[in-house]
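Asker: Under UniProt numbering, the first residue of the sequence shown carries the number 1, and numbering increases by one thereafter.
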Amino acid sequence: MKPITTGRTLLLWFAIFCTFGMVFAQIENDYDDDDPFKSMRKCPGGYCVAIHLCQNNRILTEGEGLIEDRTAADDYDEPIVVSTDKDDNNDVCEEFMLKCCPHGDRANIRVVPPVPEAKDQPDAPPPMTCGQGHPDGYIYRVNNTDSVAQYGEFPWTAALFRDDPMSDQPQYFCGGSL
Numbered sequence: 001m002k003p004i005t006t007g008r009t010l011l012l013w014f015a016i017f018c019t020f021g022m023v024f025a026q027i028e029n030d031y032d033d034d035d036p037f038k039s040m041r042k043c044p045g046g047y048c049v050a051i052h053l054c055q056n057n058r059i060l061t062e063g064e065g066l067i068e069d070r071t072a073a074d075d076y077d078e079p080i081v082v083s084t085d086k087d088d089n090n091d092v093c094e095e096f097m098l099k100c101c102p103h104g105d106r107a108n109i110r111v112v113p114p115v116p117e118a119k120d121q122p123d124a125p126p127p128m129t130c131g132q133g134h135p136d137g138y139i140y141r142v143n144n145t146d147s148v149a150q151y152g153e154f155p156w157t158a159a160l161f162r163d164d165p166m167s168d169q170p171q172y173f174c175g176g177s178l
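See the structure below:
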């Protein structure tokens, strides 16, 4: 048997080193593929996610509670225009239908709602009118309201009331929406 020359030894070690390097690089890439948050934009304490994906201060990753988008953008002649004014949008993500949702260590922090102050008198019932809107939207404000409802608005809803002979107030019976 002939002895291996120094050049061949170096080439052998280089090949072994490259093989191990490629194996470890592939293992590292596999871990990156498992990170469901890598495509999301970071915000203070979490990630910017769709509003419906942030429930109970945690990001839904397994599909539970997901809703299906039923809008067809092609059906509208004009695009949806969203206000980016800080007064209209108070979320740090500053993008329509996105919210900064905690993740990791901060996701387990319980948000304690403020205790309402005691009132001497109960709130007066709202006036009985037909159709009340929320022109400024609930979370974000859509500017072209001629064709698109504000977030959280259901413009085609109805409520049925019936007369209650025991009181002078109508009693709610049922409701529906289109």
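Positions of the beta carbon are idealized from the N, C-alpha and C atoms, including for glycine. On a predicted model such as this, the values are computed, not experimentally measured, just so you know.
Quick check: what's the CA-CA separation for Leu53 versus Val92?
Answerer: If you take the alpha carbons of Leu53 and Val92, they lie about 16 Å apart.
Asker: If you run the structure through DSSP and keep just helix, strand and coil, what is Val92?
Answerer: In this structure, Val92 counts as coil in the three-state DSSP scheme.
Asker: Closest by CA to Leu60, which one among Phe37, Leu10 and Gly45?
Answerer: Leu60 has its Cα closest to that of Phe37, out of Phe37, Leu10 and Gly45.
Asker: Any idea if Lys99 is buried or exposed, counting beta-carbon neighbours within 10 angstroms, 16 or more meaning buried?
Answerer: Lys99 is buried by the Cβ-count criterion.
Asker: Ile51 to Ala15, Cα distance in whole Å?
Answerer: Taking the straight line joining both Cα atoms gives about 50 Å.
Asker: Go through its chain and collect everything with a Cβ distance to Gly175's Cβ below 8 Å, but skip five positions before and after it.
Answerer: Correct list, in chain order: Thr157, Ala158, Ala159 and Leu160.
Asker: Would you call the CB atoms of Gln169 and Arg162 closer than 7 Å?
Answerer: Their beta carbons are not under 7 Å apart, which means Gln169 does not touch Arg162 by this criterion.
Asker: Buried or exposed: where does Cys18 fall if 16 or more other Cβ atoms within 10 Å of its Cβ makes it buried?
Answerer: Answer is exposed; the Cβ neighbour count stays below 16.
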